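Oh and the sequence shown: position 1 is 1337 in the numbering used here, straight run, nothing missing. Positions of the beta carbon are idealized from the N, C-alpha and C atoms, including for glycine. Computed from a prediction, not measured in an experiment: that's the story for all the values here.
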Amino acid sequence: MLKRDVLQLRVKAQPRAARTELAGLLGTELKVRVAAPPVDDAANAALLRFLAETLEVPRANLRLARGRAGSRKVFEISGVSAAEAARRLGLAG
1337 MLKRDVLQLR
1347 VKAQPRAART
1357 ELAGLLGTEL
1367 KVRVAAPPVD
1377 DAANAALLRF
1387 LAETLEVPRA
1397 NLRLARGRAG
1407 SRKVFEISGV
1417 SAAEAARRLG
1427 LAG
């Protein structure tokens, strides 16, 4: 999961949801409902903002590494450990 000091987070995005929120785990992926539509990169931008806020890291610490056009995405995140990210996402314990 760690590549140097970068955490990789696999996400299954569900665009056009009623609101942007965590929806639990889907296998090894974090499922996130995103209110924005998948048009003109709006859903990706909303997802990046949501993850930065939820993980309490600057937006500049997140990068969409794979999946720009699909619902399955891989984000690279710096500035937070895997354990701390799990806690902030409500997945620890």
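How many angstroms separate the CA atom of residue i from the CA atom of residue j?
| i | j | result |
| --- | --- | --- |
| D1341 | K1409 | 19 Å |
| E1389 | R1423 | 14 Å |
| V1370 | L1345 | 16 Å |
| R1289 | R1352 | The question about residue 1289 has no answer here: the residues shown for the chain are numbered 1337 through 1429. |
| L1391 | L1427 | 12 Å |
| L1362 | R1395 | 24 Å |
| L1425 | A1401 | 20 Å |
Once you ignore the five residues that flank residue i on each side, which residues in its own chain have a CB closer than 6 Å to its CB?
| i | result |
| --- | --- |
| A1372 | A1378, A1379 and A1382 |
| K1415 | Note on identity: in this sequence residue 1415 is Gly, with Lys being the wrong assignment. Answer for G1415: V1393 and N1397, listed in chain order. |
| K1367 | K1348, A1359 and G1360 |
| E1357 | R1369 |
Quick one: is residue i buried, meaning 16 or more other Cβ sit within 10 Å of its Cβ, or exposed?
| i | result |
| --- | --- |
| T1364 | exposed |
| V1375 | exposed |
| A1405 | exposed |
| A1421 | buried |
| L1338 | With a pLDDT of 44 at L1338, under the threshold of 50, the modelled position of that residue is not reliable, and no figure is offered here. |
Counting only the same chain and skipping the five closest in sequence on each side, list residues whose C-beta sits under 7 Å from that of residue i.
| i | result |
| --- | --- |
| L1387 | L1398 and F1411 |
| G1403 | K1409 and V1410 |
Leaving aside the five residues before and after residue i along the sequence, list all residues of the same chain whose C-beta is less than 8 Å from its C-beta, in chain order.
| i | result |
| --- | --- |
| L1343 | M1337, E1412, I1413, S1414, V1416, S1417, A1418 and A1421 |
| Q1350 | A1359, K1367, V1368, R1369, V1370 and S1407 |
| A1354 | R1369 and A1371 |
Only counting runs of 4 or more residues, tell me where the alpha helix (DSSP H) segments fall wholly within the segment 1394 to 1425, in order along the chain. 1418 to 1424
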